[in-house]
Structures are given as structure tokens and as C-alpha cells.
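Residue 54 in our numbering sits at position 53 of the sequence shown; the count goes up by one each step and never skips.
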Amino acid sequence: MQVYLMMFFRVVSSKCKRYFCNCIKSAKHTRVAICRNYHKKGIHDEIVKRRRCARKRPFSKSSVVAVFEVIQKKRIEKFEVCDTIKEASLRYVLILNIYIACQLLPT
């Protein structure tokens, strides 16, 4: 007569269940959290937590494209701002050189 203890224990796979029921190779019994009881306190919360983790989906394609467009736009603006700053600084240096040259000229 075979004793079925699997009502109380949770195992990873049917292969492990067979090993456990037939008392074969106890080293191969891969029990989840060492013979955890089904009705152990907090197991329901853990299952819900696992489901929640499994449900998380990656970003939708549209949002990724939108984010990429925003990044590209900022990059372009950055180059434009850098160019205007360079032009302004060159203009300032040119005007400063002209002013200094005018003051050095004998009157």
C-alpha cells in the first residue's frame, strides 16, 4: 500500500513528486522551501506577489518611441544653444578687440 503524503507538501515537478512518493533518492527531492505546508500562514500572499511580478509588462512601443523623440529633440536643442553661445562669445571678443585697438590708436 502506497502512502500519499503529497496532500501536505508542495514539490517543484511531477518527477520530484514521484521520487518522494516512492521513497526514491531523497537527495533528488526538490521541495519548495523544504516541505512547506500548503496551509502555512502567508502562502497566499506569496502566491499573489508572484502573480503580480509575472504580470509586469515592459514598456509599450509607443511610449518608448515618444521618450526617444523627446531625447532627440533635447539633443538638437542642446547643439543649437551651444552654437548660439559660441557665436555670442566670438562676437564679444571681436567687439572687445576692436574697442582695444581704437583706444591704442593715437588721436
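Glycine is no exception: its CB is placed at the ideal position from the N, C-alpha and C atoms.
Q. Alpha carbon to alpha carbon, how far is E70 from I77?
A. 11 Å
Q: Compute the Euclidean distance between the alpha carbons of Y93 and C103, then round it to the nearest angstrom.
A: 15 Å
(Q) For Y67 and S90, what's the separation of their Cα atoms in angstroms? (A) Inspection of the sequence shows that residue 67 is occupied by Ala rather than by Tyr. Going from the Cα of A67 to the Cα of S90 covers about 35 Å.
**Q.** Same chain, Cβ closer than 8 Å to E81, five either side skipped, listed in chain order
**A.** none
Q: Taking only the alpha-carbon atoms, compute the straight-line gap between I99 and K74 and give it to the nearest angstrom.
A: 38 Å
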